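Accompanying notes for the structure given below.
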Amino acid sequence: DEKGSVGLLKPGPNDLDIVGRFALVAEKVRDAWTHPVLHDGRLYLRYHDTLWCYDIKEHR
Numbered sequence: 041d042e043k044g045s046v047g048l049l050k051p052g053p054n055d056l057d058i059v060g061r062f063a064l065v066a067e068k069v070r071d072a073w074t075h076p077v078l079h080d081g082r083l084y085l086r087y088h089d090t091l092w093c094y095d096i097k098e099h100r
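At position 50 of the sequence shown (counting the first as 1) the number is 90 in the working numbering, and the numbers step up by one without a gap.
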């Protein structure tokens with residue numbers, strides 16, 4: 041969202057479940073509308089000159 045909060049949703053047959061939520065940055069310098077990229081079980085997010093990579097694979 042516009043405050044830097046990121047949510048991870050899992051689609052169900054009739055709704056979406058929130059399985060995770062976190063703040064991308066602790067202190068927002070300026071607005072950024074990141075376009076999340078999913079590849080090979082990883083979530084990539086960029087905030088200006090910083091890139092984060094999160095492992096979001098379901099581990100069994």
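Backbone N, C-alpha and C define an ideal beta-carbon position, used for all residues, glycine too. Bear in mind that the values here come from a model prediction, so they are computed numbers and not experimental data.
Along the chain, where does the beta strand (DSSP E) containing residue i start, and where does it finish?
i: P53; result: No beta strand (DSSP E) holds P53; DSSP gives it neither H nor E.
i: H79; result: 77-79
i: D95; result: 90-95
i: L83; result: 82-87
Does residue i come out as helix, strand or coil in the three-state DSSP assignment?
i: Y73; result: Reading off the sequence shown, one finds Trp at residue 73, where the question assumed Tyr. In the structure shown, W73 sits in coil (DSSP, three-state: anything other than H, G, I, E or B).
i: D44; result: Checking the sequence, you will find Gly at residue 44 rather than Asp. Three-state DSSP puts G44 in coil, outside helix and strand.
i: R100; result: coil
Report the residue from the options whose alpha carbon sits nearest the alpha carbon of residue i.
i: H79; options: G44, I96, D89, E67; result: I96
i: D89; options: T74, H99, E98, I58; result: T74
i: S45; options: D57, G60, L64; result: L64
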